[in-house]
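A.B. asks:
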Amino acid sequence: INIVADASGLDRNAAVHAGYYPKEALRDLGDDVLDKTYWLCVFAVNEHRAICGDCWTCKPNTPAELRADKCLCGKKKFNPCKCGALKYQEADPRYEIDKFEAVVRQMRDGLL
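Position in the sequence shown counted from 1, then plus 89, gives you the numbering used here.
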């Protein structure tokens, strides 16, 4: 419901009151709302400290470089974002990207 509220411009309470759950949202909301893209991470990785605004070629490392529309190498960014949050590095215990393999190994029935 939070994504429906954000995409439609309604506040969360109004979206709940309107009954905008998946079936109703698909029926009532326009393509301009339904075509919006959101990141969903079932592992709750903080994407703003992991990959947004990053470039694997030139590795921007200042808030201004991370907020820029294009990378230092001139490429368009795959995950553009205006937050400018500095990224955790692999040696930092708060770095989450390197934990996926360990988490998936703990899942008895695998991952779809």
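For each residue, glycine too, the CB sits at the ideal point set by N, CA and C.
Which stretch, first to last residue, makes up the alpha helix (DSSP H) that contains residue 183?
C.D. replies: Counting along the chain, residue 183 falls outside any alpha helix (DSSP H), and DSSP gives it neither H nor E.
A.B. asks: When you compare only the Cα positions, how much space is there between residue 184 and residue 96?
C.D. replies: Roughly 29 Å separates the two Cα atoms.
A.B. asks: What residue range does the alpha helix (DSSP H) around residue 135 cover?
C.D. replies: Segment: none, residue 135 is in no alpha helix (DSSP H) and carries neither H nor E.
A.B. asks: Along the chain, where does the alpha helix (DSSP H) containing residue 131 start, and where does it finish?
C.D. replies: From DSSP, residue 131 is part of no alpha helix (DSSP H); its letter is neither H nor E.
A.B. asks: Using 10 angstroms around the beta-carbon of residue 136, count the other beta-carbons present and answer buried if the total reaches 16, otherwise exposed.
C.D. replies: That one is buried.
A.B. asks: Identify, in the order they occur along the chain, each residue of the same chain with its Cβ nearer than 8 Å to the Cβ of residue 159, setting aside the five sequence neighbours on each side.
C.D. replies: Excluding sequence neighbours, residue 159 sits near 165, 166.
A.B. asks: Counting only runs that start and end within the segment 139–174, where is the alpha helix (DSSP H) found for 4 or more residues in a row?
C.D. replies: You should have 152–156.
A.B. asks: Please determine, among 102, 120, 150, 190, the residue with the shortest C-alpha to C-alpha distance to residue 178.
C.D. replies: Residue 150 is the option with its Cα nearest to residue 178.
A.B. asks: Would the C-beta of residue 130 count as close to the ligand GDP, meaning under 6 Å from any of its heavy atoms?
C.D. replies: Inclusion of the ligand GDP in the displayed structure is not the case, the ligand content being empty and no account of it being possible.
A.B. asks: Buried or exposed: residue 123, going by 16 or more other Cβ atoms within 10 Å of its Cβ?
C.D. replies: When all chains shown are included, residue 123 counts as exposed.
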